[in-house]
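As you go down the protein sequences, you meet chains L and D in turn. Per this note's numbering, the very first residue in the first sequence carries number 990; after that it's consecutive. Per this note's numbering, the very first residue in the second sequence carries number 12; after that it's consecutive.
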Amino acid sequence: MATAARKAPAKSKSRSDGKSSTLSTPKPAEFTKEEELSAYRHMLLIRRFEEKAGQLYGMGFIGGFCHLYIGQEAVVTGMKMALIEGDQMITAYRDHGHMLAMELSPRGVMAELTGRRGGLSKGKGGSMHMFSKEKHFYGGHGIVGAQVSLGTGLAFANRYRDNKNVSLTYFGDGAANQGQVYESFNMASLWKLPVIYIIENNRYAMGTSVSRSSAETDFSNRGASFKIPGIQVDGMDVRAVKAAGNVATEWCRAGNGPLILEMQTYRYRGHSMSDPAKYRSKEEVQKMRSEHDPIEQVKARLIDKKWASEDELKAIDKEVRDVVADAAEFAQHDAEPDPSELWTDIVL
Amino acid sequence: MPIEILMPALSPTMEEGNLSKWLKNEGDRVVAGDVIAEIETDKATMEVEAVDEGTLAKIVVPAGTEGVKVNAVIAVLAVDGEDVDKAGEDIGEEPAKAEAPAKAEAPVAAEEKPAAAPVAAAPKTEIAADPDIPAGTEMVSTTVREALRDAMAEEMRRDGDVFVMGEEVAEYQGAYKITQGLLQEFGPRRVVDTPITEHGFAGVGVGAAMAGLKPIVEFMTFNFAMQAIDQIINSAAKTLYMSGGQMGAPIVFRGPNGAAARVAAQHSQCYAAWYSHIPGLKVVMPYTAADAKGLLKAAIRDPNPVIFLENEILYGQSFDVPKLDDFVLPIGKARVHKQGKDVTLVSFGIGMTYAVKAEAELRGMGIDAEIIDLRTVRPLDFDTIIASVKKTNRLVVVEEGFPQSSVGDHIASQVSQRAFDFLDAPVITIAGKDVPMPYAANLEKLALPNVGEVVEAVKAVTYRG
């Protein structure tokens, strides 16, 4: 399988005042062997976890809506590598990868998908609604775009407390057309809030391609009216994401206000499990998989640099599969919530 | 003919104001656009400009006069060619000063045409002692506006995580002056002016609350919160449940709710029933200043999202507020406003003004009504309602909101299920009419409930023809 790194279309965007940007797309980070191996393991965990979730959905263990993150793993993995303790993350409903990146327990996530009492939300949230105060993960939100205002509020709290933490607020190319996104941009820029708006441009808002839904398809430019600089990033290359994450977190921690990172990425599966994805060709998907797969890129580098052998990588794969199998086993056999849970956690 | 200069209205609900200063003297020449006087209400100070050209012949209302009624003659202008001295003499000494208004009467109710009994002359309803206020506590007459401001200021002094955000809350001192003085005391970090962006700042507030802060989000009116209702319901109200109890939103959404006066359909709507529908929210709607203060303090401390529905017409009304260092009332507990034995009147917020006036009228007819002020619409204190119904066997509910799926409908259904055997008559619900709020004064009056309707309902349930 070809594993050539994608030619990054990355570029920086100038600010709306026409002056040259103080920010430009950084070169991909130089990873150490440990970083490559860590990225490989983390992305593989998300990939295998999502494959298993898809399987359990097909078997009827997971109900409702289930949105898989397969293909986009480099985005959360690279960004997580740029964080410090206390930085917050918030996203929409395609959230399993974000939770695993924030080190929420695979058992807890999978058992929530199956609606069991051991799930992170005791089975009351489901795939789209999970949270962890301890790990600074603020959901998991089912309403497209709502998390953007909420994530801006997390940044407001950081500013209020005058800590150095940053809010990583994720949304998709579809959510980027919601009105409250721009209301949030305005306030974040006005008040210099430490928030990184990470637009995961996977090219399709459900079934509508970016070109059919967006007048401005360069999402890094979406903050121009609010003087928010933006950077386009090759979201299939975890090193590029990590480098952009470093620039962005430093920018925010220095008190410069918000920043937009457009992550150019791709989801291999449909919008949700019930989407047959007829709006794009098999060839398009296959081309991304074979030429730009984020995991295969890391694997190729590890082999190329002789930092790991095929056997060693297979061993990692086995470990990851064991973790996922354990989570799936737990999620299938854990009890459903006690009926009394119907009436708890409504108000304190 | 000399021109009479009249006391202007500064806002839809203004009925009177103070003439604080004259900037022109008798005999001064005035051209259109000249600022001739300053007047003030409890909300703002504004300048009065001359509309006509001439000479200020006579100042009828001297500077420093309080309670000058809207449309009272405050000065006389002699137009060119007229005798200035004579122009001033033509004005009769009609009383410009307002008659002392009966406290706790809403202007809306006061405008109603007199029913059979002279309502205005009826004795003032004695507010039953609130068991949450220690006997013998000193009382201070306070407006609802001041009570709300004091509640926020006290809680902000007590807890550094409490902050207030909204449109015009800081430098402008509040569109309705509820946040007056807070910026000066707490600074711009904690008193935050937002852009006009309800959906966005409601979400920012909820996010800050999820991160552990305790925001007070002011909506200039709850009508504008329609833009933000997704964040209120889907984010604020549901997160605690969806997170299995890990994370909630300790936030207060507050602001004026319901009809004000003559602001028509898009600005005149009661949201009590809307928000009361939502598990995960608490909904508070006070009538008196004491309840406004004690319940707003409770709402700010509450770890849940609280919808706090105020009313513009009540803002300027004064009530006794206990002088206590830390006066906090329980959310979810109704208050028996006046004890009685013949019929139970249940209301909340400005609806109480109709109930209170109707009670006085009913007393004249020999009917002893008990009034219950719900204070909180969710959770609803059915124990207090049902205990009263068991005593009176009759129930009338009064509110200003729309009739379908109203708070009254819910109470009627619950009482019929829980206390059917105690009812001697069907429950009657009085609500606003099932129409968008009209602008015309006469139609607006028809759209709102009125005291006569409440009296008629009580006569019906007590079988008095």
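Beta carbons are placed, not taken as given, at the ideal position from N, Cα and C, and that holds for glycine.
CA-to-CA distance, residue j to residue i, given in whole angstroms
i       : j       : result
L:L1182 : D:T355  : 53 Å
L:S1001 : L:G1049 : Unreliable positioning characterises L:S1001 in this predicted model, as indicated by a pLDDT of 49, which lies under 50. A coordinate reading is not provided.
D:P134  : D:A371  : At D:P134, the pLDDT of 47 sits below 50, so the modelled position is not reliable and the matter cannot be decided from this model.
L:G1246 : D:A213  : 20 Å
L:A1297 : L:K1111 : 40 Å
D:P290  : D:E149  : 38 Å
L:G1108 : L:A1320 : 8 Å
D:V466  : D:R405  : 13 Å
D:R389  : D:S152  : 28 Å
D:P460  : D:S287  : 21 Å
D:Q184  : L:N1147 : 26 Å
L:S1150 : D:A186  : For the record, residue 1150 of chain L in the displayed sequence is Arg; it is not Ser. When rounded, the distance between both Cα atoms is 28 Å.
D:L17   : D:A451  : 22 Å
L:G1097 : L:A1316 : 8 Å
L:K1016 : L:G1219 : 15 Å
D:V202  : D:Q328  : 25 Å
D:D39   : D:V62   : 15 Å
D:V175  : D:A74   : 36 Å
D:A458  : D:A162  : 33 Å
D:A260  : L:N1152 : 21 Å
D:E37   : D:V95   : 9 Å
D:G255  : L:K1113 : 6 Å
D:S358  : D:A366  : 7 Å
D:A131  : D:L373  : Low confidence applies to D:A131: its pLDDT is 41, below 50, so where it sits in the model is not reliable, and the reading given next is rough at best. Their Cα atoms are separated by approximately 13 Å.
D:I243  : D:A369  : 36 Å
L:A1233 : L:L1034 : 23 Å
L:E1251 : L:S1027 : 24 Å
Endpoints, the beta strand (DSSP E) within which residue i is located
i       : result
D:P226  : K225 to E229
L:A1018 : It is not in any beta strand (DSSP E) - L:A1018 carries neither H nor E in the DSSP assignment.
D:A380  : A380 to D384
D:A348  : First, the residue type needs correcting, since residue 348 of chain D is His and not Ala in the sequence shown. R346 to K349 is the span of the beta strand (DSSP E), which, as asked, contains D:H348.
L:L1250 : L1248 to Q1253
D:S279  : First-last for D:S279: undefined, no H or E at that position.
D:D441  : First, the amino acid is wrong: residue 441 of chain D is Ile here, not Asp. Counting along the chain, the beta strand (DSSP E) containing D:I441 begins and ends at I439 to I441.
Per-residue DSSP class, three states only, for residue i
i       : result
D:F264  : strand
L:P1095 : helix
D:N404  : coil
D:T364  : helix
L:Y1149 : helix
L:Y1186 : strand
D:E321  : strand
D:K293  : strand
D:Y187  : coil
L:E1318 : helix
D:A468  : helix
L:S1121 : strand
D:D394  : helix
Where the alpha helix (DSSP H) through residue i begins and ends
i       : result
L:G1168 : G1168 to L1179
L:E1280 : K1271 to H1281
D:T153  : Taken as a continuous stretch (DSSP letters only), D:T153 belongs to no alpha helix (DSSP H), being part of the beta strand (DSSP E) at M150 to T154.
D:S251  : Going by the sequence as given, residue 251 of chain D is Leu instead of Ser. Taken as a continuous stretch (DSSP letters only), the alpha helix (DSSP H) holding D:L251 covers T250 to M253.
D:L193  : L193 to F197
D:M18   : Where D:M18 is concerned, there is no enclosing alpha helix (DSSP H), given that its DSSP letter is neither H nor E.
Within chain B, the residues that residue i reaches when beta carbons sit closer than 7 Å
i      : result
D:Y252 : No chain B is part of this structure, whose protein chains are labelled L and D.
Chain-ordered residues of the stretch 1138 to 1163 of chain L with a beta carbon less than 7 Å from chain D = S1138, L1139, G1140, T1141, G1142, L1143, F1145, A1146 and Y1149
Quick one, which residues of the stretch 187 to 211 of chain D are near chain L if we go by CB-CB under 9 Å, in chain order?
-> R200, R201, V203, T205, P206, T208, E209, H210 and G211
Quick one: which residues of the stretch 1324 to 1337 of chain L get their C-beta closer than 7 Å to a C-beta of chain D? List them in chain order.
-> T1333, D1334, I1335, V1336 and L1337
Of the residues that make up the stretch 228 to 244 of chain D, which ones have a beta carbon closer than 8 Å to any beta carbon in chain L?
-> D241 and Q242
Unbroken stretches of the beta strand (DSSP E), 3 residues or longer, contained in the stretch 1019 to 1092 of chain L | 1077 to 1079
Closer than 9 Å, Cβ to any Cβ of chain L: which residues of the stretch 276 to 294 of chain D, in chain order?
-> P290, G291, L292 and K293
3 or more residues per run - each beta strand (DSSP E) lying fully within the stretch 24 to 106 of chain D | 27 to 33, 46 to 51, 56 to 60, 65 to 70, 76 to 80 and 84 to 89
Residues of the stretch 258 to 276 of chain D with Cβ closer than 8 Å to any Cβ of chain L, in chain order = M258 and G259
Mind checking the stretch 442 to 464 of chain D against chain L and listing, in chain order, the residues whose C-beta falls within less than 7 Å of any C-beta there?
-> none
Return the chain-ordered ranges of every beta strand (DSSP E) run that is complete within the stretch 1215 to 1241 of chain L and spans a minimum of 3 residues.
-> 1219 to 1223
Select from the stretch 213 to 226 of chain D all residues with a C-beta closer than 9 Å to any C-beta belonging to chain L, and list them in chain order.
-> A213, G214, V215, G216, V217, G218, A219, A220, M221, A222, G223, L224 and P226
Residues in the stretch 1164 to 1176 of chain L having any Cβ partner in chain D nearer than 7 Å = G1168, Q1169, E1172, S1173, N1175 and M1176
In chain order, what residues of the stretch 313 to 337 of chain D put their CB closer than 7 Å to some CB of chain L?
-> P314 and N315
Looking at chain L, which residues of the stretch 164 to 186 of chain D have a Cβ within less than 8 Å of any of its Cβ atoms?
-> F174
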